[in-house]
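For reference, the structure is listed below as structure tokens.
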Amino acid sequence: MVTFIAMLTFTGVAFAQNNNDAAIEAKISNLIKKMTLEEKVTVLHANSIFKTGGISRLGIPGLSMDDGPLGVREELSAGGGWTPANLTTDSATFFPNGSALAATWNPSLAYRYGVALGEEARARGKDVILAPAINITRIPIGGRTYEYLSEDPFLNTQLAVNAIKGIQTQNVAACVKHFALNNQETNRGTVNVEVSERALREIYFPAFKASIENANSWSIMSAYNKVRGEYCSENDYLLNKILRGEWGFKGIVISDWGGTHSTVAAANNGLDVEMGSRPPYDSYYFAKPLLDSVKAGKVSEKTIDDKVRRILWVLYKTSLSKSMAKGSLNTPAHSQTVYDIASESIVLLKNDKHLLPLNTAGIKTIAVIGDNATRTNHSGGFGAGVKAKYEITPLQGLQNALGKKVQINFAQGYRAKLNDDDPSLITEAVNTAKNSDVAILFIGGNRDYESESRDRKDLSLPFGEQALVDAVTAANANTIVVVIGGAPYDINKIKKDNHTIVWSWFNGSEGGHALADVLTGKINPSGKLPFTFPVALDESPAFYLHTFPGDNLTAVYKEGILVGYRWYDTKNIAPLYPFGYGLSYTNFNYSGLKTDKKTYNINDNITITTMVKNTGKRAGKETVELYIGKPNSAVERAEKELKAFKKVMVPAGKEVMVTLSVPVKSLAYYDEGKSKWVVEAGKYNLMVGKSSRDIEAKETISIDGGN
Ligand code: BGC
Numbered sequence: 130m131v132t133f134i135a136m137l138t139f140t141g142v143a144f145a146q147n148n149n150d151a152a153i154e155a156k157i158s159n160l161i162k163k164m165t166l167e168e169k170v171t172v173l174h175a176n177s178i179f180k181t182g183g184i185s186r187l188g189i190p191g192l193s194m195d196d197g198p199l200g201v202r203e204e205l206s207a208g209g210g211w212t213p214a215n216l217t218t219d220s221a222t223f224f225p226n227g228s229a230l231a232a233t234w235n236p237s238l239a240y241r242y243g244v245a246l247g248e249e250a251r252a253r254g255k256d257v258i259l260a261p262a263i264n265i266t267r268i269p270i271g272g273r274t275y276e277y278l279s280e281d282p283f284l285n286t287q288l289a290v291n292a293i294k295g296i297q298t299q300n301v302a303a304c305v306k307h308f309a310l311n312n313q314e315t316n317r318g319t320v321n322v323e324v325s326e327r328a329l330r331e332i333y334f335p336a337f338k339a340s341i342e343n344a345n346s347w348s349i350m351s352a353y354n355k356v357r358g359e360y361c362s363e364n365d366y367l368l369n370k371i372l373r374g375e376w377g378f379k380g381i382v383i384s385d386w387g388g389t390h391s392t393v394a395a396a397n398n399g400l401d402v403e404m405g406s407r408p409p410y411d412s413y414y415f416a417k418p419l420l421d422s423v424k425a426g427k428v429s430e431k432t433i434d435d436k437v438r439r440i441l442w443v444l445y446k447t448s449l450s451k452s453m454a455k456g457s458l459n460t461p462a463h464s465q466t467v468y469d470i471a472s473e474s475i476v477l478l479k480n481d482k483h484l485l486p487l488n489t490a491g492i493k494t495i496a497v498i499g500d501n502a503t504r505t506n507h508s509g510g511f512g513a514g515v516k517a518k519y520e521i522t523p524l525q526g527l528q529n530a531l532g533k534k535v536q537i538n539f540a541q542g543y544r545a546k547l548n549d550d551d552p553s554l555i556t557e558a559v560n561t562a563k564n565s566d567v568a569i570l571f572i573g574g575n576r577d578y579e580s581e582s583r584d585r586k587d588l589s590l591p592f593g594e595q596a597l598v599d600a601v602t603a604a605n606a607n608t609i610v611v612v613i614g615g616a617p618y619d620i621n622k623i624k625k626d627n628h629t630i631v632w633s634w635f636n637g638s639e640g641g642h643a644l645a646d647v648l649t650g651k652i653n654p655s656g657k658l659p660f661t662f663p664v665a666l667d668e669s670p671a672f673y674l675h676t677f678p679g680d681n682l683t684a685v686y687k688e689g690i691l692v693g694y695r696w697y698d699t700k701n702i703a704p705l706y707p708f709g710y711g712l713s714y715t716n717f718n719y720s721g722l723k724t725d726k727k728t729y730n731i732n733d734n735i736t737i738t739t740m741v742k743n744t745g746k747r748a749g750k751e752t753v754e755l756y757i758g759k760p761n762s763a764v765e766r767a768e769k770e771l772k773a774f775k776k777v778m779v780p781a782g783k784e785v786m787v788t789l790s791v792p793v794k795s796l797a798y799y800d801e802g803k804s805k806w807v808v809e810a811g812k813y814n815l816m817v818g819k820s821s822r823d824i825e826a827k828e829t830i831s832i833d834g835g836n
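Count the sequence shown with this note's numbering and you get residues 130 to 836, in order.
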């Protein structure tokens with residue numbers, strides 16, 4: 130028996146928001162004294178798409194920013210607008226998308242993602258990287274689901290915190306976004322979100338709160354939408370009361386691009402920096418109008434000084450730092466990081482015939498079919514991408530892995546254009562499949578189909594893909610379906626008809642290699658879904674309750690805390706694939722679930738151990754998921770909530786002990802009447818499982834007293 134000991138040392142580092150570097154404080158105060166009001170206003174707004182103004186007479190640089198989260202985006206031409214500069218020096222590593230990172234369930238990979246992204250940003254001279262994007266994936270068709278992490282606040286938090294800590298080791302500020310409730314792209318610039326205080330605190334805030342309190346994010350981006358009637362960029366409740374008042378935020382609030390709507394309200398309600406992409410920059414709300422508002426006494430100079438102080442505080446941690454990180458771009462280490470993320474993100478959905486991993490000894494020909502086999506995803510659609518130094522497609526990955534031994538026959542299968550079904554492509558694909566030992570179909574979405582600024586119309590597979598799957602499956606009994614996408618799709622029919630299904634993502638520069646290594650068994654898949662796949666869109670909470678996209682530009686989050694699996698579990702609706710689901714090429718048996726005590730007090734930690742045995746012949750990684758539920762609660766509760774998880778490597782035939790720890794305080798619900806967190810006394814159910822629906826063992830504990 131091997132005992133697994135958590136070694137996430139980086140998560141133990143204390144990153145309290147402190148501002149006690151007296152020397153820097155003195156320098157900041159001194160600079161503020163020397164600045165004229167005009168100069169102060171200069172540093173508070175954009176002077177080009179990704180830069181703010183600086184004051185060269187005082188040695189104050191502008192802040193240089195860039196997107197995130199997929200990598201450091203290419204430089205734009207000096208002439209303005211979004212035209213690329215066409216440099217030869219600004220290619221970068223393409224990192225797996227947010228939901229891919231989340232599917233690893235591996236916080237140490239999120240940290241490595243952060244470090245590598247930070248190194249690239251630093252090498253490219255950026256002070257702020259506009260990442261990570263951590264809005265809860267409330268609706269399955271959300272256009273930015275691929276950029277975001279998860280439907281679950283706990284998984285979201287663990288990954289966000291580690292990504293931010295990693296980024297900021299490189300003298301680069303993370304800019305965690307979009308605060309708050311940018312959960313839909315439809316009407317994102319105008320929609321008003323009404324949500325209960327409890328859902329805010331339990332579902333939508335936790336990852337943002339931890340980003341500030343635990344990861345010390347130096348900046349945050351306000352969202353485009355309104356919350357409770359106020360734009361997020363001028364939202365006193367969000368920016369002053371919660372972010373600064375409750376969470377002690379010391380950094381800067383940066384508006385989303387073009388997401389500022391006023392001068393006085395935004396300035397007084399907590400926005401620090403106005404960004405946007407449309408000149409003229411000197412007429413921005415935070416340019417001349419702000420100067421005029423200060424002169425008119427509508428915004429105090431003290432308020433301006435506070436913003437300037439925050440900007441200088443970020444500058445002293447970034448471009449003015451005395452111990453500046455060097456940064457690095459496109460290194461082999463970064464390729465390794467993106468490979469490791471990609472290889473742990475791929476989810477094995479179905480392997481009923483044990484066709485995977487491919488037994489290449491017995492295979493002479495493979496048909497590789499589908500536009501997604503050759504498509505790159507580093508850029509596309511509306512939304513940030515990177516000019517990838519390279520991106521290995523699935524076809525290239527398979528050719529590199531198998532090309533010498535196996536003949537690979539490619540067929541296009543479909544064209545990635547809507548309403549352009551071409552039967553001749555299906556005929557060609559069927560013939561290719563018939564003449565091959567195995568057919569691997571690459572379908573799904575792409576970065577044009579899943580896009581910022583619009584949500585998908587529905588969950589259906591685009592581009593006539595289902596017809597292609599049906600035809601190829603009928604032609605070759607050894608058909609493997611690989612779906613590439615960043616969000617749930619309707620794969621009901623594929624689940625019913627096909628025996629082998631793999632889920633992959635917009636999986637970064639090394640995505641094709643990682644996928645080939647999973648298909649051939651060099652990597653044993655260990656990804657698990659970071660969100661629920663619904664059977665039907667109208668069973669998912671926002672649609673069931675008719676709250677999307679909202680009436681009269683108001684979206685009322687009627688489902689409250691029942692987001693994602695919390696809804697399906699509590700309402701007893703079977704999902705197509707549940708949150709946390711993913712298979713392996715081996716099998717894991719759970720046994721011996723134990724808690725260190727039976728009864729706990731409010732300040733205790735609950736320590737849970739379980740044995741996990743790999744009963745197969747292949748080493749594999751398993752993520753143990755711990756859910757807790759409170760039966761007979763005084764308030765509505767989800768049937769279960771994820772409270773801890775741990776990913777462990779289990780050698781073939783071996784058994785490991787997995788220890789999980791849960792603070793009793795994390796069992797609290799937010800009491801709206803008392804405006805505080807309440808831990809109820811009484812019995813709680815502990816459930817350990819392979820997914821939210823595959824619970825392997827249960828225990829009951831009691832909390833004494835509560836609060
Ligand atoms: C997006 C942000 C992004 C910004 C700059 C906005 O449209 O919402 O996430 O960082 O553009 O590209």
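Quick reminder that beta carbons are idealized off the backbone N, C-alpha and C, glycines included.
Quick check on P617: buried or exposed, where buried means 16 or more other Cβ atoms within 10 Å of its Cβ?
One-based indexing of the sequence shown puts residue 617 at position 488. Under this definition P617 is a buried residue.
How would you write the range of the beta strand (DSSP E) that S384 sits in, first residue to last?
Position 255 of the sequence shown, counting from 1, holds the residue named residue 384. Here the beta strand (DSSP E) through S384 covers 381–384.
Within the same chain, show all residues whose beta-carbon is closer than 7 Å to that of Y410, passing over the 5 residues directly before and after it, in chain order.
As a working mapping, residue 410 is identified with position 281 in the sequence shown. Around Y410: H174, A175, N176, A416.
Spatial neighbours of P670 within its chain, please: CB distance less than 7 Å, with the 5 preceding and 5 following residues excluded, ordered by chain position.
Counting from 1 along the sequence shown, the entry for residue 670 is found at position 541. Result list for P670: E688, L691, V692, W696, in chain order.
Tell me H507's beta-bridge partners as DSSP assigns them.
Indexing the sequence shown from 1 puts residue 507 at position 378. DSSP, once it has assigned bridges, lists no residue as partnering H507.
Closer than 8 Å to a non-hydrogen atom of the ligand BGC - does that hold for the CB of L259?
By one-based count along the sequence shown, residue 259 stands at place 130. At least one heavy atom of the ligand BGC is nearer than 8 Å to the Cβ of L259, so yes.
Under a Cβ-count criterion, where at least 16 other Cβ atoms within 10 Å of its own Cβ denotes burial, should D150 be classed as buried or exposed?
Translated into positions along the sequence shown, residue 150 becomes position 21. So D150 counts as exposed.
Should G512 be listed as close to the ligand BGC, given that the test is whether its C-beta is under 8 Å from any heavy atom?
As a first step, residue 512 must be located in the sequence shown, where it is residue number 383. G512: yes, Cβ under 8 Å from the ligand BGC.
Below 9 Å between beta carbons: does that hold for W211 and S508?
As a first step, residue 211 is located in the sequence shown; it is residue number 82 there, counting from the start. As a first step, residue 508 is located in the sequence shown; it is residue number 379 there, counting from the start. Not a contact, by the Cβ cut-off of 9 Å.
Find the nearest neighbour of V437 within the set F717, G191, I830, Y710, judged by alpha-carbon distance.
The residue you call residue 437 lines up with position 308 of the sequence shown. Measuring from the Cα of V437, the nearest candidate turns out to be G191.
Can you tell me whether N300 is helix, strand or coil according to DSSP?
Sequence index remark: in the sequence shown, residue 300 carries index 171 (1-based). Here N300 sits in coil by DSSP.
Following a CB-centred definition, is W347 positioned closer than 8 Å to any heavy atom of the ligand BGC?
On the sequence shown, position 218 is the one that residue 347 refers to. W347 Cβ: outside cutoff for every heavy atom of the ligand BGC.
Since G818 is in the beta strand (DSSP E), which residue starts that stretch and which ends it?
Along the sequence shown, one-based indexing puts residue 818 at 689. Per DSSP, G818 belongs to the beta strand (DSSP E) from 811–820.
Can you name, in chain order, every residue of its own chain whose Cβ lies under 6 Å from the Cβ of A289, other than the five neighbours on each side?
The residue given as residue 289 occupies position 160 in the sequence shown. Only P261, I263, A336, S340 meet the Cβ criterion.
Less than 8 Å separating the Cβ of S582 from some heavy atom of the ligand BGC?
Stepping through the sequence shown from its first residue, residue 582 is reached at position 453. Flag set: Cβ of S582 near the ligand BGC.
Quick check on the burial criterion: 16 or more other C-beta atoms within 10 angstroms. Buried or exposed for Q525?
In the sequence shown, the residue the question calls residue 525 occupies position 396. Q525 comes out buried.
I think I381 touches D365, with their Cβ atoms under 8 Å apart; what is that distance to the nearest whole Å?
Here residue 381 refers to the residue found at position 252 when the sequence shown is read from its first residue. Here residue 365 refers to the residue found at position 236 when the sequence shown is read from its first residue. About 17 Å; that fails the 8 Å criterion.
Rounded to whole angstroms, what is the Cα-Cα separation between G593 and A545?
In the sequence shown, residue 593 corresponds to position 464, counting from 1. In the sequence shown, residue 545 corresponds to position 416, counting from 1. The alpha-carbon atoms of G593 and A545 are separated by roughly 9 Å.
Under DSSP, the beta strand (DSSP E) around Q536 begins and ends at which residues?
Counted from its first residue, the sequence shown places residue 536 at position 407. Per DSSP, Q536 belongs to the beta strand (DSSP E) from 536–540.
Tell me whether D619 counts as near the ligand BGC, meaning its Cβ is closer than 8 Å to at least one heavy atom of that ligand.
The residue given as residue 619 occupies position 490 in the sequence shown. For the ligand BGC, not one heavy atom lies less than 8 Å from the Cβ of D619.
Is K306 near the ligand BGC, judged by its Cβ being under 8 Å from some heavy atom?
Mapped onto the sequence shown, residue 306 falls at position 177. Indeed, a heavy atom of the ligand BGC lies less than 8 Å from the Cβ.
Looking at V741: is its Cβ nearer than 9 Å to the Cβ of V779?
Numbered from its first residue, the sequence shown carries residue 741 at position 612. Numbered from its first residue, the sequence shown carries residue 779 at position 650. Cβ distance < 9 Å, so V741 and V779 count as in contact.
Y799 and R766: beta carbons closer than 9 Å?
Within the sequence shown, residue 799 is the residue found at index 670, counting from 1. Within the sequence shown, residue 766 is the residue found at index 637, counting from 1. Going by C-beta atoms, Y799 is not nearer than 9 Å to R766.
Taking 7 Å as the limit between beta carbons, can you name the residues of its chain near Y706, skipping five residues before and five after?
If you number the sequence shown from 1, residue 706 lands on position 577. Within the same chain, Y706 has close Cβ partners L478, L658, F662.
Have a look at A292 and G227 and give me their C-alpha separation to the nearest angstrom.
Indexing the sequence shown from 1 puts residue 292 at position 163. Indexing the sequence shown from 1 puts residue 227 at position 98. The straight-line gap from Cα to Cα measures roughly 11 Å.
With respect to 8 Å, is the separation between the Cβ of M350 and the closest non-hydrogen atom of the ligand BGC below this value?
Working through the sequence shown from its first residue, we reach residue 350 at position 221. Correct: M350 has its Cβ closer than 8 Å to the ligand BGC.
Who are the Cβ neighbours of G499 in its own chain at under 6 Å, not counting the five residues just before and after it?
Sequence index remark: in the sequence shown, residue 499 carries index 370 (1-based). These residues qualify, in order along the chain: G542, L570, F571, I572.
Determine, using beta-carbon pairs with one atom in the stretch 680–687 and one in the stretch 639–647, whether at least three such pairs fall under 8 Å.
Too few Cβ pairs lie closer than 8 Å, so no.
From the DSSP secondary-structure annotation, give me the bridge partner or partners of N743.
Within the sequence shown, the letter at position 614 stands for residue 743. Its beta-bridge partners are F717.
Should G295 and G243 be called a contact, given that it needs their Cβ atoms to be closer than 9 Å?
Here the question's residue 295 lines up with position 166 in the sequence shown. Here the question's residue 243 lines up with position 114 in the sequence shown. It is a contact, given that the beta carbons lie within the stated cut-off.
Which residues in the same chain as E639 place their Cβ atom closer than 7 Å to its Cβ, once the five residues preceding and following it in sequence are excluded?
Reading the sequence shown from its first residue, position 510 is the one you call residue 639. S464, V467, Y468, A471, I521, listed in sequence order.
Taking P236 as the reference, give the member of G721, T752, W442 with the closest Cα.
Residue mapping note: residue 236 aligns to position 107 of the sequence shown, counting from 1. Minimum Cα distance to P236 is reached at T752.
Taking the runs of the alpha helix (DSSP H) that are 4 residues or longer, which of them lie wholly in the stretch 524–608?
Complete alpha helix (DSSP H) runs here, min 4: 552–563, 594–604.
If you scan the stretch 647–677 from start to end, which runs of the beta strand (DSSP E) of 3 or more residues do you find wholly inside it?
Here no run is fully enclosed.
Output needed for R747: all residues of its chain with C-beta closer than 6 Å, excluding positions within five of it in sequence on either side, in chain order.
Residue numbering aside, residue 747 sits at position 618 when the sequence shown is read from its first letter. Closer than 6 Å at Cβ, skipping near neighbours: N653, Y714, T715, A781.
Tell me, please, whether the stretch 419–430 touches the stretch 211–223 by the rule of three or more beta-carbon pairs shorter than 8 Å.
With the cut-off at 8 Å, the stretch 419–430 and the stretch 211–223 do not touch.
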